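Heads up: the structure comes next, in structure tokens.
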Amino acid sequence: MNRPSVLLAICLAVSAVVPARPAFSAESPFEPGLMRLAEVLGSLHFLRNLCGEKGDQWRGEMEKLLDSENPDPERRARFIASFNRGYRSFGTYTQCTASATEAISRYMKEGETLSRDIASRYGN
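Throughout the sequence shown, residue numbering follows mature numbering (1 follows the signal peptide of the UniProt record, and there is no 0), covering -20 to -1, 1 to 104 in sequence.
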């Protein structure tokens, strides 16, 4: 299985085992990890497309995360802001470079780790 497939599978696992929380979930122990995962997905969406992957796979993963969490409007805005922050963090890149490729690799690993940790620590 290639790395994008592994991250996709892990993201789906996180969405399946981390149930939607009521409004007070913003203080849950896994919230920072979920926000960071949203940021990583935003970075991957920008970088993977910059480096030749066409499509909305990573935006789609973010939509799945939002669907699974079913956040209230304020929390939803924080998720989207995290995704957008990740996307914009590489806005100065105009072409795929060695550092962009390295960043993709790092973000793939980080996304896998975050997804696995959240699922194993807080899953049912």
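C-beta atoms are modelled at their ideal positions from N, C-alpha and C, and glycine is treated no differently. Predicted model, so just to flag it, every value in this text is computed and none were measured.
Separation of residue j from residue i, as counted between CA atoms
i, j, result
"Gly22", "Ser8", "22 angstroms"
"Gln75", "Lys34", "14 angstroms"
"Arg96", "Glu90", "10 angstroms"
"Ala18", "Asn50", "14 angstroms"
"Ala78", "Asp36", "22 angstroms"
"Asn64", "Thr72", "14 angstroms"
"Phe59", "Ala80", "24 angstroms"
"Gly31", "Ala57", "As written in the sequence, residue 31 is Cys, which differs from the Gly given in the question. The straight-line gap from Cα to Cα measures roughly 28 angstroms."
"Leu27", "Gly103", "30 angstroms"
"Phe70", "Phe10", "26 angstroms"
Opening and closing residue of the alpha helix (DSSP H) in which residue i lies
i, result
"Glu43", "Gln37 to Glu49"
"Asp97", "Ala78 to Tyr102"
"Phe59", "Pro53 to Arg68"
"Phe26", "Glu11 to Leu30"
Cβ separation of residue i and residue j, assumed to be a contact under 8 angstroms, to the nearest whole Å
i, j, result
"residue 106", "Ser48", "Lying outside -20 to 104, the shown extent of the chain, residue 106 is not represented and no answer is given."
Residue i, buried or exposed, once every other Cβ within 10 Å from all chains shown has been counted against 16
i, result
"Gly66", "buried"
"Ala99", "buried"
"Arg55", "buried"
"Arg101", "exposed"
"Arg68", "exposed"
"Gly13", "buried"
"Leu94", "buried"
The segment 80 to 91 / the segment 42 to 57 touching (three or more Cβ pairs under 8 angstroms) | no
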